[in-house]
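Each remark here refers to the structure printed beneath this line.
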Ligand code: HPA
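Numbering (this note's numbering), first residue to last: 6 to 257.
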């Protein structure tokens, strides 16, 4: 049976069950580090920390192509991505958990094509719905009732910014006008590469701060990091439930 790939963001360390370390050479160079493979709830699971362990790669320098290629080569057919975000929509607040249904890509200079000759953009494909709906449903069901402090939010538009700096208040106003509800730095080109590789892909996004200009004063990095740590047991529990629930690969 196909495996589930989990891409850990800043807020999730390797689940302890995933003990076997796997490192593969890829046509795109080095992935963020070895993946960790094992069984959760009877399902084979492959976990890859997006930023490396210890953290080495900022969002703009992650080798997204190598990461996705390696997960697929290890047997993953569905990818669950974790990505902490700031809230733009005033109805959201830190502590909420969002399963986005749309995204807008504001990144630049990242390699979006699997073609090894970078300017040979021959691979067109539909990307109207960037997230796999069955996988989103699984995440929503798995996270339902999981949070003691925040709410589970079905749908939302994730604006992907370049980082590693946070945005200006004016940039966030522009994202709000564009229809973004949340902002983070990592789901592109991850989501489109997953689609290009034929993988299912959905994301779970803990809200760890109000975006620039949306809260009281500056974005407080210490408070945001503390909330990431607080979220970790909840995220782990949601991942475990998702592995129990997801019995077949969503692209089959
Ligand atoms: N902006 C961009 N990325 C983020 C934020 C933010 O406010 N919070 C967490 N990741």
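Every residue gets a Cβ at the ideal spot worked out from N, C-alpha and C, and that includes glycine. Nothing here was measured: the structure is a model prediction, and the numbers come from that model.
Roughly how many angstroms lie between the CA atoms of residue 233 and residue 218, to the nearest whole one? 21 Å
Based on the DSSP secondary-structure assignment, which residues constitute the bridge partners of residue 26? Answer by DSSP bridge pairing, in chain order: 41.
Simplified DSSP assignment, three categories, for residue 69: helix
Residue 229 Cβ short of 7 Å to ligand 1 heavy atom set: yes
Can you grab the Cα-Cα spacing for the pair residue 75 / residue 36, in whole Å? 7 Å
Which whole-angstrom value describes the C-beta separation of residue 197 and residue 129, a residue pair presumed to lie in contact below a C-beta threshold of 8 Å? With a Cβ gap of about 11 Å, residue 197 and residue 129 do not count as contacting.
Out of curiosity, what's the CA-to-CA distance linking residue 245 and residue 145? Approximately 13 Å, taken between the alpha carbons.
Residue 184 versus residue 57: straight-line alpha-carbon distance, rounded: 31 Å
Short Cβ contact (8 Å threshold) for residue 140 with residue 206: yes
Using a Cβ-based criterion (distance less than 7 Å to any ligand heavy atom), does residue 171 qualify as near ligand 1? yes
Assumed close pair residue 120, residue 9 - CB separation to whole angstroms, cut-off 8 Å: Going by Cβ atoms, the distance from residue 120 to residue 9 rounds to 27 Å, so no, they are not a contact pair.
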